[in-house]
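Asker: After the structure tokens below, expect a handful of questions from me.
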Amino acid sequence: MPFLGPYALLGTLGLLAAGIPIALHFFYRSRYRRVPWAAVEFLRASLEQTSRRLKFQQWLLLLWRVLLLLVLAVALMRPYSAAPGSAAGDAVDAVLLVDVSYSMAARAGRATRLDQAKAAASAVLDQLPPGSTVQVVTISDRARRLGPRAASHLDQARQLLEQLAVEDRATDFLPGVIEAEQILARGPSPNKELYLFSDMQRLGWDQQAGPLAARLQALSREAAIHLVRCETHRPRNVALAGLVPPPGIIRAGERLDWSVLVRNTGSDPVRDATVTLAIEGAGRESRPLPELAPQSTQAVVVPGKLDQPGLGVVRVTVQGDDLGPDNHLERIVRAWERVRVLVLDGGPNDREPERAASYYLVHALRPVPSPESDFPIEPRVVSASRASPEMLEGIDVCVLVDVPLEASGEGRSMSGAFLDRLAGFVRGGGGLMIFAGPRVVPAAYNRLLGGSRGLLPGPLTGVWSAALSSPEHPDPESVAKESVLAGFRDEPLARLRQVEVLRGVEVDVAAGAGAAPAPGGGPPPPGQPPEGANPPGAGGGGG
3 MPFLGPYALL
13 GTLGLLAAGI
23 PIALHFFYRS
33 RYRRVPWAAV
43 EFLRASLEQT
53 SRRLKFQQWL
63 LLLWRVLLLL
73 VLAVALMRPY
83 SAAPGSAAGD
93 AVDAVLLVDV
103 SYSMAARAGR
113 ATRLDQAKAA
123 ASAVLDQLPP
133 GSTVQVVTIS
143 DRARRLGPRA
153 ASHLDQARQL
163 LEQLAVEDRA
173 TDFLPGVIEA
183 EQILARGPSP
193 NKELYLFSDM
203 QRLGWDQQAG
213 PLAARLQALS
223 REAAIHLVRC
233 ETHRPRNVAL
243 AGLVPPPGII
253 RAGERLDWSV
263 LVRNTGSDPV
273 RDATVTLAIE
283 GAGRESRPLP
293 ELAPQSTQAV
303 VVPGKLDQPG
313 LGVVRVTVQG
323 DDLGPDNHLE
333 RIVRAWERVR
343 VLVLDGGPND
353 REPERAASYY
363 LVHALRPVPS
373 PESDFPIEPR
383 VVSASRASPE
393 MLEGIDVCVL
403 VDVPLEASGE
413 GRSMSGAFLD
423 RLAGFVRGGG
433 GLMIFAGPRV
443 VPAAYNRLLG
453 GSRGLLPGPL
463 TGVWSAALSS
473 PEHPDPESVA
483 KESVLAGFRD
493 EPLARLRQVE
503 VLRGVEVDVA
513 AGAGAAPAPG
523 GGPPPPGQPP
533 EGANPPGAGG
543 GGG
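See the structure below:
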């Protein structure tokens, strides 16, 4: 039989022959048998133990990771926590203590610390369970309960919070805690909560630290106490410490320099502040304050003027810090066109004017002799024996110079009508100056100027004299800083201490005006002031 492909058979035989090596490979493959070996058995046991420990650690790590995610999820849900021993969602009696002390006016951007406290308190009201009661109490150095009248009216409590304003007071938390303790004791719910919204000034805790700690510890057994801090940063603060007017007489229409005292009460430097002085009806002037070191005071000189004679309001402001209530200062000052002075001379002398009692005083008041000069002081000298009530009309200051008051060999006594008018003149704001001299009799002055007229700072206790070799000297430092005579503490008026005083009148200022004179109102021994008396010059000088 013929084949179309005789070589196909040979190809088939070749394929079969190719399987012979494969069959031989599997037939003659190497045989092995298990032989126990102690070292390998030990290694296998160690690997199995390590694998079990790693699996346990991996499961434990997985458990902690899952728990951490669960805790974060619960925290983000912000669950409500009721008072101790109460169930979530039960009504509570809440007291909101809101700090309105001075430091709560500090700003962080546009919002003050008090604004932050209001927002936090409103958020608490939103979270209170149904049926809860609330009372709003403000605290500074005292506590004030605001309401609402019906403790369950939370909307009224929100309105009270909106109306809160900062007070110019320090911080003391104890009065607020005592008030809250009393309110919570009267509340109907067994669940109590106290919230304190404050910047947590240290002064508030330290004012009455012991009693405050005891009250809080006792209250914590009955109520949940929440402290909410309303502070984001330490504030910069500059305060206006004072306004020093120009020295001398303030003339209307005259541009003068005013010294504004600015103090940095904070612990950080304040830079780029601005001081502004505004006088009513005369515009305003500003001066920069580039830098003010912590706990330091600096005087900033700002020019200004009062256009019209009379009383005027001077307003000073400073900008550039975070605490505003102490950035404003107002003073009422008086501008003069002329100061009219009535000088009553107790020892006039027409023949020898330089021997008159008022001669040197008048020349000190008006050192310019020409009456046409533009000097602001206009003295008028009148003999004390001729004084009449009408002379006080249009007068700004009345000066008594060595006036005897009672009749003597040198003239008649001063009329009671004039003394009554003089008392009214002083009560109405007029000025009175008394210069002592040899004609001054303490008993007469106590009787006629003291008592109901009240024209003495205290009773005159007598006259003293000093030896010519050891005269006394006035002490400007004895003048109180708040006195109208405080200018004598500074130069050039402080040179008054150079004046030698040989004779003087003692005034018992401690006894007060109108008090009876001390017994034995006669003069002390020459050269020795009475015991316990004021320093020489305090009650007028002689000599």
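Counting in my numbering, the sequence shown runs from 3 upward without gaps.
Glycine is no exception: its CB is placed at the ideal position from the N, C-alpha and C atoms.
Since the model is a prediction, treat every value here as computed from it, not as a measurement.
#1: Please go through the same chain and pick out, in chain order, the residues whose beta-carbon is closer than 6 Å to the beta-carbon of L98, but skip the five residues on each side of it.
#2: Within 10 angstroms of the Cβ of E181, are there 16 or more other Cβ atoms? Answer buried if so, exposed if not.
#3: Shortest alpha-carbon distance to T234 belongs to which of V272, D324, D274, V303?
#4: Given a cut-off of 8 Å, decide if V465 and R505 are closer than it, judged by their beta-carbon atoms.
#5: Beta-carbon within less than 7 Å of F420's beta-carbon, same chain only, minus the 5 sequence neighbours each way: which residues are those?
#6: Taking Cβ to Cβ, would you say A359 is nearer than 8 Å to D347?
#7: Comparing the C-beta of D201 with each C-beta of chain C, is any distance below 8 Å?
#8: Have a look at R67 and K57 and give me their C-alpha separation to the nearest angstrom.
#9: Figure out for me which residue from G439, S417, G149 has the closest Cα to the Cα of V136.
#10: Is E282 closer than 8 Å to V304 when the C-beta atoms are compared?
#11: Would you kindly report the start and end of the unbroken alpha helix (DSSP H) that includes F427?
#12: To the nearest angstrom, how far is the alpha carbon of T319 from that of L279?
#13: Please report how far the alpha carbon of G349 lies from the alpha carbon of A295, in whole angstroms.
#14: Taking just the CA atoms, how far does V76 sit from A47?
#15: Q203: buried (16+ other C-beta within 10 angstroms of its C-beta) or exposed?
#16: If I measure Cβ to Cβ from Y361 and keep anything under 7 Å in the same chain, skipping five residues before and after, which residues do I get?
#17: Using a Cβ-Cβ cutoff of less than 6 Å, which residues in the same chain neighbour D143 once the five nearest sequence positions on both sides are dropped?
#18: For L451, which residues of its own chain have a beta-carbon under 6 Å away from its beta-carbon, when the five flanking residues on both sides are left out?
#19: Report yes if the CB atom of D398 is closer than 8 Å to the CB atom of G433, and no otherwise.
#20: Between which two residues does the beta strand (DSSP E) carrying K483 extend?
#21: Select from Q165, I334, G396, V230 the residue whose C-alpha is nearest the C-alpha of R340.
#22: Indicate the three-state DSSP secondary structure (helix, strand or coil) for T140 in the structure shown.
#23: Taking its Cβ as the centre, do 16 or more other Cβ atoms sit within 10 Å of V73, making it buried, or is it exposed?
#24: So does the stretch 113 to 122 actually touch the stretch 212 to 228, counting three or more Cβ pairs closer than 8 Å?
#25: Below 8 Å between beta carbons: does that hold for V179 and L205?
#26: Which term fits I22, buried or exposed, when burial requires 16 or more other beta carbons within 10 angstroms of its beta carbon?
#27: Could you give the C-beta distance for A337 and L308, rounded to a whole number, given that I count them as a contact under 8 Å?
#28: Kindly indicate which residue of V94, A243, G326 has the alpha-carbon position closest to the one of R112.
#29: Curious, which full-length beta strand (DSSP E) runs of at least 3 residues does the stretch 293 to 358 contain?
#30: Ignoring anything shorter than 4 residues, give me the alpha helix (DSSP H) runs that lie fully in the stretch 95 to 144, in order along the chain.
#31: Specify the secondary structure class of N266 as computed by DSSP and reduced to three states.
#32: In chain order, what residues of the same chain have a beta carbon less than 6 Å from the beta carbon of V246, not counting five sequence neighbours either side?
#33: Relative to the C-alpha of D208, which residue among L176, I185, Q219 is closest?
#34: Quick one: Cα of Q129 to Cα of L229, how far?
#35: Who are the near neighbours of L162 in its chain, counting only those whose CB is closer than 8 Å to its CB and skipping five residues on each side?
#36: Once you ignore the five residues that flank I141 on each side, which residues in its own chain have a CB closer than 6 Å to its CB?
Answerer: Taking the geometry as given:
#1: A123, V138, Y197
#2: buried
#3: D324
#4: yes
#5: A389, S390, P391
#6: yes
#7: The chain inventory of the structure shown lacks chain C, comprising one protein chain alone.
#8: 16 Å
#9: G149
#10: no
#11: 418 to 429
#12: 7 Å
#13: 57 Å
#14: 44 Å
#15: buried
#16: P355
#17: R171, A172, D174
#18: L457, L458
#19: yes
#20: Segment: none, K483 is in no beta strand (DSSP E) and carries neither H nor E.
#21: G396
#22: strand
#23: exposed
#24: no
#25: no
#26: exposed
#27: 4 Å
#28: G326
#29: 299 to 306, 312 to 321, 330 to 337, 341 to 347
#30: 115 to 129
#31: strand
#32: S261
#33: L176
#34: 16 Å
#35: V138, L148, G149, P150
#36: L99, D101, G178
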